[in-house]
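Here the protein sequences line up with chains B and R, keeping their order.
Under this note's numbering, the first residue of the first sequence carries the number 12, and numbering increases by one thereafter.
Under this note's numbering, the first residue of the second sequence carries the number 62, and numbering increases by one thereafter.
The structure appears below as structure tokens.
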Amino acid sequence: MALVLTEEQQLLRDTATQFFQERLPIANLRKLRDTKDATGFDQAAWKEMADLGFAGIMISEKYGGTDFGPVGLGLVLEQAGRTLAASPLVSTVLLCGSAVQLAGNATQRQEILSAIAAGDRIMALALEEGPHHNPTHIATRAEADGSSYRISGTKTFVLDGHVAEQLIVVARTNGDENDRTGITLFLVDPKAAGVKVTRTIMVDSRNAANIEFDNVSVPASAVLGSVDGGNDVLEQVLDIARIGLSAEMLGMVQQTFDTTLEYLKERKQFGKVIGSFQALQHRMAVLFSEIELCRSVVLDALSALEERRNDVPLIASLAKSRLSDVATLMTNEGLQMHGGMGMTDQFDVGLFMKRARVAAASFGDGNFHRDRYATLEGY
Amino acid sequence: MEALEKFRQETRAWLEENCPKSMRTPMSEEETVWGGRNAKYANPDSKLWLDRMASRGWTAPTWPTEYGGGGLSKEENQVLQQELRRIKARPALSSFGIWMLGPALLEFANEEQKKEHLPKIVRGEIRWCQGYSEPGAGSDLAGLQTKCEDKGDHYLVNGQKIWTSYADKADWIFCLVRTDTTKKHDGISFLLFDMMSPGVEARPITMISGASPFCETFFTDVKVPKKNLVGELNKGWTIAKRLLQHEREMISGMGLGGVGSGSGLGGLEQVAKDYFGEADGKVASPSLRDHITRQKMDSRAFALTMQRSAEEAKAGQGPGAASSIFKYYGTELNKRRYELLLELMGTKALGWEGDGFDDAEIGVTRSWLRSKGNSIEGGTSEVQLNVVSKRVLGLPD
Numbered sequence: 012m013a014l015v016l017t018e019e020q021q022l023l024r025d026t027a028t029q030f031f032q033e034r035l036p037i038a039n040l041r042k043l044r045d046t047k048d049a050t051g052f053d054q055a056a057w058k059e060m061a062d063l064g065f066a067g068i069m070i071s072e073k074y075g076g077t078d079f080g081p082v083g084l085g086l087v088l089e090q091a092g093r094t095l096a097a098s099p100l101v102s103t104v105l106l107c108g109s110a111v112q113l114a115g116n117a118t119q120r121q122e123i124l125s126a127i128a129a130g131d132r133i134m135a136l137a138l139e140e141g142p143h144h145n146p147t148h149i150a151t152r153a154e155a156d157g158s159s160y161r162i163s164g165t166k167t168f169v170l171d172g173h174v175a176e177q178l179i180v181v182a183r184t185n186g187d188e189n190d191r192t193g194i195t196l197f198l199v200d201p202k203a204a205g206v207k208v209t210r211t212i213m214v215d216s217r218n219a220a221n222i223e224f225d226n227v228s229v230p231a232s233a234v235l236g237s238v239d240g241g242n243d244v245l246e247q248v249l250d251i252a253r254i255g256l257s258a259e260m261l262g263m264v265q266q267t268f269d270t271t272l273e274y275l276k277e278r279k280q281f282g283k284v285i286g287s288f289q290a291l292q293h294r295m296a297v298l299f300s301e302i303e304l305c306r307s308v309v310l311d312a313l314s315a316l317e318e319r320r321n322d323v324p325l326i327a328s329l330a331k332s333r334l335s336d337v338a339t340l341m342t343n344e345g346l347q348m349h350g351g352m353g354m355t356d357q358f359d360v361g362l363f364m365k366r367a368r369v370a371a372a373s374f375g376d377g378n379f380h381r382d383r384y385a386t387l388e389g390y
Numbered sequence: 062m063e064a065l066e067k068f069r070q071e072t073r074a075w076l077e078e079n080c081p082k083s084m085r086t087p088m089s090e091e092e093t094v095w096g097g098r099n100a101k102y103a104n105p106d107s108k109l110w111l112d113r114m115a116s117r118g119w120t121a122p123t124w125p126t127e128y129g130g131g132g133l134s135k136e137e138n139q140v141l142q143q144e145l146r147r148i149k150a151r152p153a154l155s156s157f158g159i160w161m162l163g164p165a166l167l168e169f170a171n172e173e174q175k176k177e178h179l180p181k182i183v184r185g186e187i188r189w190c191q192g193y194s195e196p197g198a199g200s201d202l203a204g205l206q207t208k209c210e211d212k213g214d215h216y217l218v219n220g221q222k223i224w225t226s227y228a229d230k231a232d233w234i235f236c237l238v239r240t241d242t243t244k245k246h247d248g249i250s251f252l253l254f255d256m257m258s259p260g261v262e263a264r265p266i267t268m269i270s271g272a273s274p275f276c277e278t279f280f281t282d283v284k285v286p287k288k289n290l291v292g293e294l295n296k297g298w299t300i301a302k303r304l305l306q307h308e309r310e311m312i313s314g315m316g317l318g319g320v321g322s323g324s325g326l327g328g329l330e331q332v333a334k335d336y337f338g339e340a341d342g343k344v345a346s347p348s349l350r351d352h353i354t355r356q357k358m359d360s361r362a363f364a365l366t367m368q369r370s371a372e373e374a375k376a377g378q379g380p381g382a383a384s385s386i387f388k389y390y391g392t393e394l395n396k397r398r399y400e401l402l403l404e405l406m407g408t409k410a411l412g413w414e415g416d417g418f419d420d421a422e423i424g425v426t427r428s429w430l431r432s433k434g435n436s437i438e439g440g441t442s443e444v445q446l447n448v449v450s451k452r453v454l455g456l457p458d
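This is the structure we're talking about:
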């Protein structure tokens with residue numbers, strides 16, 4: 012288990028740190044929010060991220076990627092989390108890139124992966140159908156119609172859904188709503204007839220959309236992977252996303268902790284800095300412990316992916332559960348320790364709290380993943 | 062690498078030949094081998110196993126051979142420990158001398174002291190106890206008052222210690238004494254003496270678990286030879302702190318243990334299924350199931366953190382900031398584990414003695430009570446949090 016970084020990885024982390032601090036600081040997210048930016052992320056910055064190799068970090072060199080692997084991607088995401096950088100990393104790289112990598116045929120891989128690595132394609136995974144993550148509850152149906160399929164259903168919380176140039180839609184080709192099998196992944200053009208995309212403005216000022224599919228016709232060549240066999244791919248893709256999001260949350264948690272610690276050393280009341288009060292010191296020491304555990308879990312989860320260990324589902328649930336809960340705890344504690352200033356929009360801690368909740372709700376929160384962990388462990 | 066593999070083969074062969082079969086079975090707490098002048102061995106194999114391991118210095122594998130140790134490198138010791146685990150060998154010797162005093166002597170004692178004391182520790186001939194806490198010096202350990210006066214050819218010790226683990230069974234004590242009353246930290250010295258010395262009295266204290274592992278220890282005009290001072294006069298606090306580190310590392314490992322190891326109850330989920338019940342293969346209570354998962358997840362996260370810290374140390378990054386949380390987190394985790402066990406087992410974990418409960422169940426009850434001390438001994442959780450706040454986070458007084 013590689014819980015310590017190699018020199019190459021440290022270098023990548025330093026590059027990422029510098030990029031996000033200088034190019035996508037929190038001010039960038041505020042600007043996107045305040046100008047009601049139609050795209051919801053900085054397109055020029057995304058192109059630069061592709062040039063730095065971040066977009067192709069999980070993609071092999073033959074498709075123009077850098078193939079730094081999951082640990083590398085985790086390092087980039089952690090730094091992105093520190094500045095709340097809005098980018099299509101989750102939607103396009105973690106979710107859709109992985110799905111194509113895992114399930115795509117040679118043509119699909121060649122065409123899509125090289126476009127992603129170059130920063131030329133934004134993609135989105137249309138999965139969720141209700142307010143809670145539930146990857147096996149799929150009511151959206153794809154009915155065979157000659158050599159093509161007709162998709163009907165409604166998807167929600169589709170990350171980057173309104174800017175995606177290509178969708179991966181999770182639809183049912185067989186069985187009942189709650190069956191594990193009978194699920195198929197389809198590549199769908201959002202401009203196709205019958206697709207209606209509605210952007211949803213979320214509390215974290217990041218992109219999401221509701222998407223309706225009304226009898227949308229797609230050719231058989233749009234199937235990604237095997238018909239009825241989508242669940243296996245989906246599970247693997249989701250675990251990658253869960254671990255990636257955990258890495259992003261680690262950055263958010265660490266940043267909130269650092270900022271709060273700094274504040275405690277500056278803010279004075281009763282004639283002394285409030286960081287001298289034991290009531291606050293002990294809470295910070297406890298948070299410090301929780302974050303140290305978070306870091307170990309995220310590093311282990313990333314190396315589990317990298318080494319293709321068979322306990323990836325288990326460690327993914329551990330990571331996503333712990334990081335979701337600690338991110339909520341840390342941002343709440345951070346806000347409280349900032350006092351009234353923490354309640355103002357001017358201070359960043361509120362932005363971190365909002366993002367923490369959305370990241371926690373993405374692909375399963377603590378409750379979802381504890382239940383999954385227990386099931387995987389056989390109790 | 063080749064040499065290490067050769068060492069593994071040799072070690073495996075030696076253990077195969079020398080570790081008695083009965084020493085490869087789970088061990089109850091009463092069977093723990095502590096050594097010492099008055100050691101009793103319920104099973105004669107225990108003594109045989111101790112002597113054989115000690116003859117190779119493998120009770121203290123990394124200590125230099127000149128002091129009776131095994132002289133093994135870190136890597137060789139890892140191999141030895143792996144091989145011991147492989148055959149489920151019992152620890153040949155449990156000893157405060159090995160865990161705490163020895164490393165301090167190796168670092169701070171003079172040659173004569175090392176030659177005198179270390180080999181006896183390795184062989185389990187002398188059992189040591191630790192004289193640190195006093196009635197008026199708990200968390201504020203440096204406030205200790207046990208008086209040590211220079212009487213020319215000897216020291217004279219007067220005072221009282223408390224929470225002295227196994228003082229009634231130990232042969233010698235390593236003791237913090239006050240040699241300068243005008244200074245606090247710089248007036249403490251580190252002294253070794255024989256518990257048979259006239260004027261030493263140890264009285265066991267009955268704890269909430271019913272056991273009496275701790276004593277009040279009284280010193281009345283105890284004469285101690287001057288050669289028994291370790292390090293310089295009034296510089297004992299440095300040694301004391303280093304020793305506390307070893308103690309905290311020892312205690313923090315407890316958060317990872319199985320259910321009172323060797324109790325045969327199995328993991329938390331098994332206990333839940335056995336004592337609460339299951340439905341469709343799941344623990345029947347969703348609430349208990351969730352609590353179990355939280356506990357398992359936190360244990361795993363903690364184990365990974367200890368592992369990361371060890372890897373960072375090996376990579377030469379020094380003991381990371383993470384290590385400062387081990388005592389706090391490990392002990393709190395262990396306490397939570399026992400609270401959860403009580404919830405899983407219901408009244409079956411609430412027996413005290415006699416019929417109606419088996420040994421494993423009584424063991425859980427007693428261990429639950431014992432676990433409360435984990436976050437008090439060796440520096441309370443609150444003291445640990447103070448250390449993290451001030452030394453790691455740099456928060457001011």
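For each residue, glycine too, the CB sits at the ideal point set by N, CA and C.
For a cutoff of 9 Å on Cβ pairs, would you count residue i as touching chain B?
i, result
"R:Asp458", "yes"
"R:Met358", "yes"
"R:Gly319", "Its pLDDT being 43, under 50, R:Gly319 is placed unreliably in this model, and the coordinates cannot settle the point."
"R:Leu405", "no"
"R:Asn447", "yes"
"R:Asp351", "yes"
"R:Gln368", "yes"
"R:Tyr336", "no"
"R:Arg361", "yes"
"R:Ser54", "An answer regarding residue 54 of chain R cannot be provided, because it is not within the stretch 62 to 458 covered by chain R."
"R:Gly440", "no"
"R:Ala383", "yes"
"R:Lys451", "yes"
Among the options, which residue has its Cα nearest to the Cα of residue i?
i, options, result
"B:Ser216", "B:Leu43, B:Val15 and B:Thr26", "B:Leu43"
"B:His143", "B:Val15, B:Phe374, B:Leu387 and B:Glu388", "B:Phe374"
"B:Gln289", "R:Lys176, R:Pro457, R:Lys67 and R:Leu109", "R:Pro457"
"R:Arg263", "R:Ile269, R:Asp255 and R:Ser270", "It should be noted that the sequence gives Ala, not Arg, for residue 263 of chain R. Of the candidates R:Ile269, R:Asp255 and R:Ser270, the one whose C-alpha sits nearest the C-alpha of R:Ala263 is R:Asp255."
"R:Ala383", "R:Leu329, R:Ser250 and R:Gln445", "R:Gln445"
"R:Ile300", "R:Ala203, R:His352 and R:Met114", "R:Ala203"
"B:Gln265", "B:Ile251, B:Ser125 and B:Leu340", "B:Leu340"
"R:Ala150", "R:Met114, R:Thr242 and R:Gln368", "R:Met114"
"R:Ala198", "R:Gly185, R:Gln221 and R:Trp189", "R:Gln221"
"R:Arg465", "R:Thr441, R:Phe275 and R:Gly129", "Residue numbering for chain R in the displayed model covers 62 to 458; residue 465 of chain R lies beyond these limits and cannot be assessed."
Could you pull the start and end residues of the beta strand (DSSP E) that residue i belongs to?
i, result
"B:Asn226", "Ala219 to Pro230"
"B:Gln177", "Gln177 to Arg183"
Compare the C-beta of residue i with all C-beta atoms of chain R and state if any pair is closer than 9 Å.
i, result
"B:Phe299", "yes"
"B:Thr211", "no"
"B:Glu318", "no"
"B:Ala372", "no"
"B:Gly75", "no"
Just to confirm, does residue i get its C-beta within under 8 Å of one of the non-hydrogen atoms of the ligand ZN?
i, result
"B:Glu18", "No copy of the ligand ZN occurs in the structure displayed, which carries no ligand at all."
Which stretch, first to last residue, makes up the alpha helix (DSSP H) that contains residue i?
i, result
"R:Trp429", "Asp420 to Ser432"
Cβ contact (3+ pairs, closer than 8 Å) linking the region 175 to 183 of chain B and the region 119 to 137 of chain B: As far as the Cβ criterion goes, the region 175 to 183 of chain B touches the region 119 to 137 of chain B, which means the pair count is three or higher.
Length at least 4, wholly inside the region 260 to 331 of chain B: the alpha helix (DSSP H) runs in chain order: Complete alpha helix (DSSP H) runs here, min 4: 289 to 317.
Whole beta strand (DSSP E) elements within the region 101 to 167 of chain B, 3-residue minimum: Within the region 101 to 167 of chain B, the complete beta strand (DSSP E) runs of at least 3 residues are 134 to 137 and 152 to 156.
Inter-stretch contact (C-beta, 8 Å, three-pair minimum) for the region 234 to 248 of chain R and the region 199 to 212 of chain R: Under the Cβ criterion (8 Å, minimum of three pairs), the region 234 to 248 of chain R counts as touching the region 199 to 212 of chain R.
The region 347 to 367 of chain B / the region 71 to 80 of chain R touching (three or more Cβ pairs under 8 Å): Contact check between the region 347 to 367 of chain B and the region 71 to 80 of chain R: fewer than three CB pairs, one atom from each, fall below 8 Å, which does not count as touching.
Cβ pair count under 8 Å reaching 3, the region 296 to 314 of chain B against the region 357 to 364 of chain R: Yes: at least three Cβ pairs fall under 8 Å.
Segment contact, 8 Å Cβ cut-off, at least three pairs: the region 64 to 78 of chain B with the region 215 to 235 of chain B: Verdict: no, contact absent.
contact_flag[the region 347 to 355 of chain R, the region 415 to 422 of chain R] where n(CB pairs < 8 Å) is 3 or more: Verdict: no, contact absent.
Beta strand (DSSP E) runs wholly inside the region 230 to 303 of chain R, at least 3 long, in chain order: Counting only runs of 3 or more residues that sit fully inside the region 230 to 303 of chain R, the beta strand (DSSP E) segments are 233 to 239, 249 to 255, 261 to 266 and 275 to 286, in chain order.
4-residue-minimum alpha helix (DSSP H) runs that sit fully inside the region 152 to 229 of chain R, ordered along the chain: Here the runs fully enclosed are 163 to 169 and 172 to 183.
Whole alpha helix (DSSP H) elements within the region 24 to 49 of chain B, 4-residue minimum: Listed in chain order, the complete alpha helix (DSSP H) runs (minimum 4 residues) inside the region 24 to 49 of chain B are 37 to 45.
At least 3 beta-carbon pairs within less than 8 Å: the region 193 to 203 of chain R vs the region 156 to 167 of chain R: Counting Cβ pairs under 8 Å, fewer than three are found: no touch.
At least three beta-carbon pairs within less than 8 Å, the region 136 to 148 of chain R to the region 282 to 300 of chain R: Contact between the region 136 to 148 of chain R and the region 282 to 300 of chain R is not established, with fewer than three Cβ pairs separated by less than 8 Å.
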